[in-house]
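**Q**
Chains as they are written, first to last, in our numbering: chain A, 466 to 598; chain B, 466 to 598; chain C, 466 to 598; chain D, 466 to 598; chain E, 466 to 598; chain F, 466 to 598.
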């Protein structure tokens, strides 16, 4: 089920083909997951999403690739994005996440979910010492 | 502003005092931030929250302390918990988060927020390959 | 799967029947989607929901019907309401949403999701010039 | 700070005046809180909101008035609606919520927040026995 | 579909077996639902989650067991946790929730969802009278 | 209060200066709001955010500029992003949003918030007719 139609011939569009080629080259795999297949309904949206995500997640930056996946999963869980949780948990495993790290990620995410509720319920004033701006 | 009253004499309660002493000892600091000061309105809730958070965040586990703070911030941002974002950003800095790491955290959190919206809008079926269960 | 039982004979209840008749008349179609079929487990809740939604979405107002559907979808995506995204995307198409408009809607929704995360992470003070109250 | 202007003379509008009179009569108090004062920028929106909320919260129904307030607070905490948490916590106190009940409410809300994160992270299939529909 | 593997022999682990025994004893039933079956991938996370939830939901406290289930459902709906909504709606029924109470719960949850959006849109200042802290 | 420090001399950095110049030129105004001033703590994040938002919101596309602002506000309200609601409500007014349109936007956003809660509570199966994929 999706809100857009899947186009079996999407790659006959050169813009879609170029993105799919880059996905395959970046991941060193022929597999293209459903997100990109469905997003191909609009080549411009496909391009800006893929290159945007690739720049953030695949290029070297201050945080290492696995840490970035863990953060991505944490946001996706909190936003209740089922597809995102599945795909980025798989990505994190591919980058070395062990069962113990997965359990620890869930433990921290659950602890934050718990105290976020407490603080949003208590409406406690922010301590001035936390202010940087 | 808060939904509970701050008790200036909270520490005269031995249960509150024991928790506050443990907070000071754990952090090697006399400073106790507003979350715990206000939570002292119910000593049992204070106890289970502090010891629960301490166990997850301060005890050695599969993920290192700074990574756990980054995950905590990611959840807190997504839940729009202002106090939590402030206090855990301060905690992350105290554990070594640089400006570059902070910017990278925000970049990943924002990218996940962006694609979470796309996927929740597209309602794409989860690829069977992502299934572990 | 649902948390309430579907009642095949729901329309034998005159209150349910009246609402279903109004749905059919308003939409000029015999099709009644699952939301209303399941909501019929409580005729009063069915009535107040249908007439409330109809008043807002079907009566002439300051915004045109398609714009209202786009706003509805934007909220439903952000709340991760799968059914709502599906049903209101279909409604928007029926009111003239093209593929290009759908892609643009998703682009704006994703951009807002991205900057919402940045701002909730930065906790920037609101500029006084934005204050109207 | 607000996104709409407060109208000091709002009650000179007879529709606003009628709603404000009903608020005062329903609550047996002259105090009108900011939500209604600001919402008066659009008399129709003020009317449908006040009468809608009053019908659900003030009329006898299957759940008692205090239980309804606790549910209202739980949703408001989860949606991070600061004003709503403040106003409905005050309403719950006025209807008999003690400090111990407040702490218990927060404890349940925090526990749900914690397990919601775990389940959204695990993506566990729903047991068929839970299905009613 | 799940992000963790289901272990058919999980109960051969004595820590898992002890938790499952306690679940069966607490509920006076042999049925163990998927949440606990899948969570057994990490015995420590299983233990802290089960004993944490049991303490809050099954031990006598200021709120009665059914009210606590209604609050749990309210949070789970707002967080869009499908599994949690299903399992806690079933739990609430087992504790006496009637169809009329279910409808009233949904009515209050929906009303809060509506006004939360209005207040988050209006950004109304909190009335000083609501401040307790 | 912010989680990053405001740099009064940010524009001495040529990358920051180039973005600020583009903001001023695009808006035909000397005013730069706090989001961009604080985001300047990381010039790369400032660049990708500003040019990303400008491309989506300021370039001609399938939806008109005001409709895009209304969608942006709808997402920001649902994510409880206070700054975003303030700044994009101001932007929508600048693009022609009247009080009546503002009220209608809030009415639709609130109606969606209400039915999102109902559907997430009912967990109704999606009608096959809504499936496009």
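Backbone N, C-alpha and C define an ideal beta-carbon position, used for all residues, glycine too.
So, with DSSP's three-state summary, where would you put residue 583 of chain E?
**A** If DSSP states are grouped into helix, strand and coil, residue 583 of chain E belongs with the helices.
**Q** Would you please verify whether the beta carbon of residue 475 of chain A is less than 8 Å from any beta carbon of chain F?
**A** Answer no: the Cβ-Cβ gap between residue 475 of chain A and chain F never drops below 8 Å.
**Q** Exposed or buried, which one is residue 569 of chain C when buried takes at least 16 other CB atoms within 10 Å?
**A** By the neighbour-count rule (16 or more Cβ atoms within 10 Å), residue 569 of chain C is buried.
**Q** Are the CB atoms of residue 602 of chain E and residue 578 of chain F nearer to each other than 8 Å?
**A** Chain E is shown only over 466 to 598; residue 602 of chain E falls outside these bounds and no answer can be derived.
**Q** Anyone know if the C-beta pair for residue 588 of chain B and residue 575 of chain C falls short of 8 Å?
**A** For residue 588 of chain B and residue 575 of chain C, no; Cβs fall outside 8 Å.
**Q** The alpha helix (DSSP H) that contains residue 472 of chain E, what's its start and end?
**A** No alpha helix (DSSP H) holds residue 472 of chain E; DSSP gives it neither H nor E.
**Q** Between the Cα of residue 513 of chain E and the Cα atoms of A/476, A/594 and A/572, which residue gives the shortest distance?
**A** Among A/476, A/594 and A/572, the Cα nearest to that of residue 513 of chain E belongs to A/572.
**Q** Mind reading off the beta-carbon distance from residue 594 of chain E to residue 466 of chain B? Whole number of angstroms is fine, and I expect it under 8 Å.
**A** Incorrect: roughly 11 Å between the Cβ atoms, too far for contact.
**Q** Can you tell me the Cα-Cα spacing of residue 517 of chain C and residue 517 of chain E, whole angstroms?
**A** Going from the Cα of residue 517 of chain C to the Cα of residue 517 of chain E covers about 41 Å.
**Q** Indicate the three-state DSSP secondary structure (helix, strand or coil) for residue 500 of chain C in the structure shown.
**A** Of the three classes helix, strand and coil, the one that applies to residue 500 of chain C here is helix, per DSSP.
**Q** Would you mind working out which of F/500, F/486 and F/501 sits nearest residue 494 of chain F, comparing C-alpha positions?
**A** Measuring from the Cα of residue 494 of chain F, the nearest candidate turns out to be F/486.
**Q** Determine the closest residue to residue 477 of chain C out of C/544, C/547, C/554 and C/506, with distance taken between C-alpha atoms.
**A** That would be C/506, whose Cα lies nearest to the Cα of residue 477 of chain C.
**Q** Which whole-angstrom value is the C-beta distance of residue 545 of chain B and residue 545 of chain D, which I expect to be below 8 Å?
**A** With a Cβ gap of about 4 Å, residue 545 of chain B and residue 545 of chain D count as contacting.
**Q** With a Cβ-Cβ cutoff of 8 Å, do residue 557 of chain C and residue 528 of chain C count as a contact?
**A** Not closer than 8 Å, so no.
**Q** Please report the Cβ distance between residue 539 of chain B and residue 539 of chain A, rounded to the nearest whole angstrom; I am assuming they are in contact, meaning their Cβ atoms lie under 8 Å.
**A** Sure, about 4 Å apart at Cβ, within 8 Å.
**Q** Mind checking if residue 480 of chain B is an interface residue toward chain A, Cβ cutoff 8 Å exclusive?
**A** No, residue 480 of chain B does not count as interfacial toward chain A.
**Q** Let me know if residue 555 of chain C comes out buried or exposed under the rule of 16 or more other beta-carbons within 10 Å of its beta-carbon.
**A** Buried.
**Q** Could you spell out where the alpha helix (DSSP H) holding residue 491 of chain F opens and where it closes?
**A** Note, residue 491 of chain F: alpha helix (DSSP H), 479-492.
**Q** Taking the beta carbon of residue 475 of chain C as the centre, do at least 16 other beta carbons fall within 10 Å, making it buried, or is it exposed?
**A** Its Cβ being crowded by 16 or more others within 10 Å, residue 475 of chain C is buried.
**Q** Looking only at its own chain, which residues have a Cβ that is under 7 Å from the Cβ of residue 604 of chain B, when we skip the five neighbours before and after it?
**A** No information on residue 604 of chain B is available, as it lies outside the stretch 466 to 598 that chain B covers here.
**Q** How big is the Cα-Cα spacing for residue 550 of chain B and residue 553 of chain C?
**A** Those two C-alpha atoms are separated by around 34 Å.
**Q** For residue 527 of chain D, which of helix, strand or coil comes out of DSSP?
**A** The answer is coil: DSSP assigns residue 527 of chain D none of H, G, I, E or B.
**Q** Return the residue from the list E/509, E/484 and E/480 that minimises the CA-CA distance to residue 566 of chain A.
**A** Measuring from the Cα of residue 566 of chain A, the nearest candidate turns out to be E/509.
**Q** Identify each residue in the stretch 541-564 of chain E for which the Cβ-Cβ distance to at least one residue of chain F is less than 9 Å, and report them in chain order.
**A** Within the stretch 541-564 of chain E, the qualifying residues are 541, 542, 543, 544, 545, 546, 547, 550, 551 and 554.
**Q** First and last residue of the alpha helix (DSSP H) that includes residue 549 of chain E?
**A** Taken as a continuous stretch (DSSP letters only), the alpha helix (DSSP H) holding residue 549 of chain E covers 547-559.
**Q** On the premise that residue 470 of chain B lies in contact with residue 561 of chain E, defined as a C-beta separation below 8 Å, what is that separation, rounded to the nearest angstrom?
**A** Going by Cβ atoms, the distance from residue 561 of chain E to residue 470 of chain B rounds to 34 Å, so no, they are not a contact pair.
**Q** State buried or exposed for residue 532 of chain F, treating a residue as buried only when at least 16 other CB atoms are found within 10 Å of its CB.
**A** So residue 532 of chain F ends up on the buried side.
**Q** Looking at chain D, is there any beta carbon in it that lies within less than 8 Å of the beta carbon of residue 492 of chain F?
**A** Chain D contact via Cβ: absent.
**Q** What would DSSP say about residue 466 of chain E, mapped onto helix, strand or coil?
**A** Three-state DSSP puts residue 466 of chain E in coil, outside helix and strand.
**Q** On the CB-based measure, 16 or more other CB atoms within 10 Å of its CB, does residue 500 of chain C come out buried or exposed?
**A** By the neighbour-count rule (16 or more Cβ atoms within 10 Å), residue 500 of chain C is buried.
**Q** Could you tell me whether the Cβ of residue 578 of chain E comes closer than 8 Å to any Cβ of chain B?
**A** By this cut-off, residue 578 of chain E is not an interface position.
**Q** If we ignore side chains and look at the alpha-carbon of each, how far apart do residue 542 of chain A and residue 542 of chain C end up?
**A** Their Cα atoms are separated by approximately 15 Å.
**Q** With distances taken between CB atoms, is the gap from residue 519 of chain D to residue 491 of chain D smaller than 8 Å?
**A** Contact: yes.
**Q** Taking 8 Å as the threshold (beta carbon to beta carbon), is residue 510 of chain B in contact with chain D?
**A** Residue 510 of chain B counts as touching chain D.
**Q** Against residue 581 of chain D, what residues of chain A qualify as contacts under a CB-to-CB distance less than 8 Å, listed in chain order?
**A** What residue 581 of chain D touches in chain A: 578.
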